[in-house]
Amino acid sequence: MDFDHLISIHNLLLAWRRITTGLNHHYKRYFRDIYYAYEIAIDQNLKDLRHRLKEGSYQPQPPTRVYLPKPSGLQRPLSLLSIEDQIVLQSIANLFALKLSDKRKPLQLKHVFSNIVESEGSSIFFFKDWHKTYKLFQKTIEDLYKSGFRWIAHFDLAAFYDTISHDLLLKIVYPRSQGNDLMEKVCTWLKCWSSERLSETLAHGIPQGPIASDFLSECFLLSIDKELSKSFKYIRYVDDIRLFGKTELDVRRAVVRLEILCRNKGLIPQVKKYTISDVGSLKAAVGMLPSLAPPDIDRESEKPDVLPTKQALRIFQSSLGRDGRRQIIKDKSRARYVLFRAGPSPVILNYVLRLLPRHPEHIEAFVYYLSNYKKSERVIRTCLEIIRTTPYEYVEGELWHILARMASPEQIRGLVDEAITTVKGRDASFIKRWGACHLLCIAEKHGFGNYSKFLLYQEALLQAILAPILPEARFAKGDVVEQMLKRSAFEPGLVLSEPLARRQLTPQNFGLDPLILPTQVQNVYRTLNIIQAGTTPVDPVGEIIASRYNVNKTTKWRLLFNAEYRQAAMLLSQADPVFDSGRSMWLSYQNSFNHALFLALQKLLSTKQLPGTIRIINRKSGELLTFGVMLDQNNKFSKCYPGIADAFRVTNKRRNTLPGSHPYTTKGKTRTSHLKKGEQSNLVKELSAAYSKIIQIIETNL
6 MDFDHLISIH
16 NLLLAWRRIT
26 TGLNHHYKRY
36 FRDIYYAYEI
46 AIDQNLKDLR
56 HRLKEGSYQP
66 QPPTRVYLPK
76 PSGLQRPLSL
86 LSIEDQIVLQ
96 SIANLFALKL
106 SDKRKPLQLK
116 HVFSNIVESE
126 GSSIFFFKDW
136 HKTYKLFQKT
146 IEDLYKSGFR
156 WIAHFDLAAF
166 YDTISHDLLL
176 KIVYPRSQGN
186 DLMEKVCTWL
196 KCWSSERLSE
206 TLAHGIPQGP
216 IASDFLSECF
226 LLSIDKELSK
236 SFKYIRYVDD
246 IRLFGKTELD
256 VRRAVVRLEI
266 LCRNKGLIPQ
276 VKKYTISDVG
286 SLKAAVGMLP
296 SLAPPDIDRE
306 SEKPDVLPTK
316 QALRIFQSSL
326 GRDGRRQIIK
336 DKSRARYVLF
346 RAGPSPVILN
356 YVLRLLPRHP
366 EHIEAFVYYL
376 SNYKKSERVI
386 RTCLEIIRTT
396 PYEYVEGELW
406 HILARMASPE
416 QIRGLVDEAI
426 TTVKGRDASF
436 IKRWGACHLL
446 CIAEKHGFGN
456 YSKFLLYQEA
466 LLQAILAPIL
476 PEARFAKGDV
486 VEQMLKRSAF
496 EPGLVLSEPL
506 ARRQLTPQNF
516 GLDPLILPTQ
526 VQNVYRTLNI
536 IQAGTTPVDP
546 VGEIIASRYN
556 VNKTTKWRLL
566 FNAEYRQAAM
576 LLSQADPVFD
586 SGRSMWLSYQ
596 NSFNHALFLA
606 LQKLLSTKQL
616 PGTIRIINRK
626 SGELLTFGVM
636 LDQNNKFSKC
646 YPGIADAFRV
656 TNKRRNTLPG
666 SHPYTTKGKT
676 RTSHLKKGEQ
686 SNLVKELSAA
696 YSKIIQIIET
706 NL
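According to the numbering used here, the sequence shown holds residues 6 to 707 in order.
Listed below in structure tokens is the structure:
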């Protein structure tokens with residue numbers, strides 16, 4: 006029942022609304038154009054997503070990681086999920102919110118003040134206004150101090166989101182449901198989102214950035230909140246915890262208990278941030294507050310009311326201090342308040358350019374302030390100096406965007422080689438390549454070369470982000486736009502909807518059958534009349550084969566399998582999720598799919614009276630021959646289609662030597678073994694060629 010609720014249209018739509026109304030603007034900036042396009046056909050897109058979830062063909066995608074500088078000099082990871090993965094994650098959070106509502110109520114706004122769910126019903130706003138809940142947090146500190154609780158312990162958790170156990174998280178909602186199908190699915194999804202590489206997935210860690218993760222982290226701390234609130238004066242805002250007592254001993258008892266509870270859940274105390282003190286004033290007590298997220302300002306929306314220049318300068322100067330001979334930002338709240346609200350000012354600009362290399366953690370605020378200037382040689386010089394010296398790729402990426410916007414054509418020409426080197430760097434981060442690709446697109450618009458073609462080698466999200474600024478020449482047949490439309494990933498195609506509609510172009514202008522586009526793209530294009538109206542059912546087989554084996558997409562798998570399509574889709578949908586986590590299981594299911602595919606192909610060859618038809622039924626028993634016999638290398642099929650037969654034969658043979666199939670090899674002298682990664686890679690190459698050939702056959706004959 007819970008799985009049905011999770012994937013219900015109501016819950017998926019609620020998840021979507023909560024994502025789009027969330028105040029995590031810094032995260033949403035990467036997806037803005039994708040959100041807009043997906044929304045155009047939201048009803049059909051969610052129906053298709055539900056179908057994938059229900060039929061088992063939905064596959065989560067590894068995130069793209071972005072690393073933001075922290076004041077400590079380390080970096081905070083941001084996990085950029087595919088938007089359909091964001092919807093699924095938020096759907097999980099919605100379910101958790103309903104399940105845990107009664108347990109959280111006694112703690113909310115008394116002991117816990119962060120990420121409070123707006124309502125138990127269907128509010129499109131997931132959390133209550135944090136400004137109000139934060140004020141209550143401050144008020145509670147004041148009340149405790151005035152009541153004589155002058156001893157305060159500050160307890161912080163290290164790498165909190167990264168240490169959350171998936172198994173323990175799910176047991177909060179399903180404590181007695183070991184082996185529960187929903188639990189297993191969610192664990193598989195969370196594991197995929199724990200790492201950029203499928204080969205390095207973890208059983209702990211939730212993606213930072215989505216508001217859903219903010220709530221799931223609250224759920225993970227629920228048992229600690231309940232336990233400590235019974236015996237101690239305890240309040241919490243996210244992972245910053247305050248323990249109050251009238252004596253030092255009272256507080257130390259609470260800290261000892263808290264540490265044990267945290268370590269039992271695999272959480273690590275932040276030693277450097279742990280303090281116990283007898284605060285001597287209310288101001289000192291209130292001053293020990295957790296650091297907050299950046300202001301709720303959306304870079305793409307209108308600027309907030311501009312501060313008068315004199316007032317902005319006065320506040321900004323009051324935020325500064327010194328570290329030896331260097332001027333630094335002491336009060337980050339005041340500094341950021343000004344940077345997000347001040348207009349152009351020569352004096353503030355001087356401060357910004359001087360402070361920028363010293364405070365990479367404030368790069369967002371600095372860049373926002375610099376948006377006041379259309380062009381400045383001083384800004385350009387400073388950006389170039391920092392790009393060539395900073396160890397933070399996030400900073401470098403942001404400054405490339407400024408150069409793309411401010412630099413003159415001749416300056417951009419001089420930066421092209423450096424940008425190309427950046428884009429081609431094997432280890433260059435997403436954010437760094439985004440900035441450099443932005444400059445290359447601008448260079449092409451100035452007529453310096455076809456540099457936007459470097460986008461062809463970038464991931465789908467980066468292509469989608471930069472699609473709106475592609476030069477006109479890239480909309481020609483056989484060029485960048487055509488290659489974006491051919492991708493199995495839907496994000497580039499979605500964002501291209503507006504540029505194509507504006508130019509009155511269709512997939513046919515690029516020689517493409519609209520039905521090969523991802524269904525999400527088809528839904529949007531139909532709504533915009535880019536392609537003809539009608540519906541195409543989700544094709545799990547086509548989507549998985551095209552994505553996993555990097556082959557051309559065909560829309561004719563349903564025609565090929567006919568009544569057996571559902572069985573084939575089920576086998577393939579069971580194979581693909583365990584491609585990395587369970588290679589031997591993948592091989593078993595993939596081989597079963599190949600068997601079903603072979604039988605469907607034989608039926609097609611027989612119906613069309615094509616060469617390669619063989620006998621598949623045992624004349625004596627009337628039963629199907631074994632798959633291995635059907636693949637005999639001397640029969641007509643193997644001779645007509647050696648590439649297909651060889652690939653299927655080697656896959657079937659390796660499947661028969663798995664421990665789950667037989668304990669020993671055919672001769673009984675050697676133990677069978679699990680599939681190794683290198684073997685799997687070789688099989689994928691063989692199968693890719695085989696599936697390409699099969700697609701040619703069915704495209705020609707169906």
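All residues carry an ideal CB built from backbone N, CA and C; glycine is no exception. These figures come from a predicted structure and were not determined experimentally.
Helix, strand or coil: how does DSSP classify residue 32 here? For the purposes of this step, residue 32 is taken as the residue at position 27 of the sequence shown. In the structure shown, residue 32 falls within a helical segment according to DSSP collapsed to helix, strand and coil.
How about residue 214 and residue 32: are their beta carbons less than 7 angstroms apart? Locating residue 214 in the sequence shown gives position 209, where the first residue counts as 1. Locating residue 32 in the sequence shown gives position 27, where the first residue counts as 1. Going by C-beta atoms, residue 214 is nearer than 7 angstroms to residue 32.
Using the three-state DSSP reduction, which class does residue 742 fall into: helix, strand or coil? Absent from the model: residue 742. The displayed extent of the chain is 6 to 707, so no value can be given.
As a quick exercise: from 34, 260, 126, pick the residue whose alpha carbon is nearest that of residue 469. Residue numbering aside, residue 469 sits at position 464 when the sequence shown is read from its first letter. Of 34, 260, 126, the residue nearest in Cα terms is 34.
Boundaries of the beta strand (DSSP E) in which residue 591 is found, first to last residue: By 1-based counting over the sequence shown, the position of residue 591 is 586. Here residue 591 belongs to no beta strand (DSSP E); instead the alpha helix (DSSP H) covers 588-612.
Can you tell me where the alpha helix (DSSP H) holding residue 135 begins and where it ends? Here residue 135 refers to the residue found at position 130 when the sequence shown is read from its first residue. It spans 135-151 - the alpha helix (DSSP H) in which residue 135 sits, taken as one unbroken run.
In three-state DSSP terms, what is residue 4? No information on residue 4 is available, as it lies outside the stretch 6 to 707 that the chain covers here.
Inspect the beta-carbon positions of residue 220 and residue 355 and report whether they are closer than 7 angstroms. Along the sequence shown, read from residue 1 onward, the residue named residue 220 stands at position 215. Along the sequence shown, read from residue 1 onward, the residue named residue 355 stands at position 350. Cβ distance not < 7 angstroms, so residue 220 and residue 355 don't count as in contact.
Does the distance from the C-beta atom of residue 156 to that of residue 245 stay below 7 angstroms? Residue mapping note: residue 156 aligns to position 151 of the sequence shown, counting from 1. Residue mapping note: residue 245 aligns to position 240 of the sequence shown, counting from 1. No, the Cβ-Cβ distance between residue 156 and residue 245 is not below 7 angstroms.
Going residue by residue through the segment 463-542, where are the continuous alpha helix (DSSP H) segments of at least 4 residues, counting only ones entirely within it? Qualifying alpha helix (DSSP H) stretches, in chain order: 465-471, 485-491, 496-500, 502-508, 524-532.
Note down the Cα distance separating residue 338 from residue 75, rounded to an integer number of angstroms. Here residue 338 refers to the residue found at position 333 when the sequence shown is read from its first residue. Here residue 75 refers to the residue found at position 70 when the sequence shown is read from its first residue. Their Cα atoms are separated by approximately 15 angstroms.
Is the beta carbon of residue 216 closer than 7 angstroms to that of residue 27? Start at 1 with the first residue of the sequence shown, and residue 27 comes out as number 22. Start at 1 with the first residue of the sequence shown, and residue 216 comes out as number 211. Going by beta carbons, residue 27 and residue 216 fall inside the 7 angstroms limit.
Please determine, among 21, 134, 100, the residue with the shortest C-alpha to C-alpha distance to residue 188. Your numbering for residue 188 matches position 183 in the sequence shown. Closest option to residue 188, Cα to Cα, is 100.
Can you tell which of 133, 204, 225 has the C-alpha that lies nearest to the C-alpha of residue 170? Locating residue 170 in the sequence shown gives position 165, counting from the first residue. Of 133, 204, 225, the residue nearest in Cα terms is 225.
Span of the beta strand (DSSP E), counted from its first residue to its last, around residue 544: For the purposes of this step, residue 544 is identified with residue 539 of the sequence shown, where counting begins at 1. Residue 544 -> no beta strand (DSSP E), and no H or E assigned at all.
Is the beta carbon of residue 561 closer than 7 angstroms to that of residue 703? Locating residue 703 in the sequence shown gives position 698, counting from the first residue. Locating residue 561 in the sequence shown gives position 556, counting from the first residue. Contact flag set, yes.
Taking the alpha-carbon positions, what's the residue 370 to residue 546 distance? Counted from its first residue, the sequence shown places residue 370 at position 365. Counted from its first residue, the sequence shown places residue 546 at position 541. For residue 370 and residue 546, the distance between alpha carbons rounds to 46 angstroms.
Segment limits, beta strand (DSSP E) that includes residue 159: Translated into the one-based positions of the sequence shown, residue 159 becomes position 154. First-last of the beta strand (DSSP E) with residue 159: 156-163.
Taking 7 angstroms as the cut-off, decide whether the C-beta atoms of residue 161 and residue 275 are in contact. Against the sequence shown, residue 161 aligns to sequence position 156. Against the sequence shown, residue 275 aligns to sequence position 270. At a Cβ-Cβ threshold of 7 angstroms, residue 161 and residue 275 count as neighbours.
Sorted by chain position, which residues of the same chain lie with C-beta nearer than 8 angstroms to residue 502's C-beta, five sequence neighbours on each side aside? For the purposes of this step, residue 502 is taken as the residue at position 497 of the sequence shown. 42, 45, 526, 529, 530, 533, 535.
Could you say if the segment 392-401 and the segment 74-93 meet the contact criterion of at least three C-beta pairs nearer than 8 angstroms? The segment 392-401 makes contact with the segment 74-93; the number of CB pairs closer than 8 angstroms reaches 3 or more.
State yes or no: is the C-beta of residue 112 within less than 7 angstroms of the C-beta of residue 141? What you label residue 112 is simply residue 107 of the sequence shown in a count that begins at 1. What you label residue 141 is simply residue 136 of the sequence shown in a count that begins at 1. No. Outside cutoff.
Under 7 angstroms, Cβ to Cβ, is there at least one residue of chain C near residue 556? No chain C appears in the structure shown, which is made up of a single protein chain.
Can you list, in chain order, the residues of its chain whose CB lies under 7 angstroms from that of residue 640, leaving out five sequence neighbours each side? Working through the sequence shown from its first residue, we reach residue 640 at position 635. Result list for residue 640: 619, in chain order.
Is there contact here, the segment 647-667 with the segment 571-585, by at least three beta-carbon pairs under 8 angstroms? Inter-segment contact for the segment 647-667 and the segment 571-585 is absent: fewer than three beta-carbon pairs are separated by less than 8 angstroms.
Could you tell me whether the segment 442-450 touches the segment 422-430, using the rule of 3 or more Cβ pairs below 8 angstroms? Between the segment 442-450 and the segment 422-430, the count of Cβ pairs shorter than 8 angstroms is three or higher; the stretches touch.
Can you tell me whether DSSP reads residue 74 as helix, strand or coil? As a first step, residue 74 must be located in the sequence shown, where it is residue number 69. Of the three classes helix, strand and coil, the one that applies to residue 74 here is strand, per DSSP.
Bridge partners for residue 239 per DSSP, in chain order? Residue numbering aside, residue 239 sits at position 234 when the sequence shown is read from its first letter. Bridge pairing for residue 239: 248 [DSSP].
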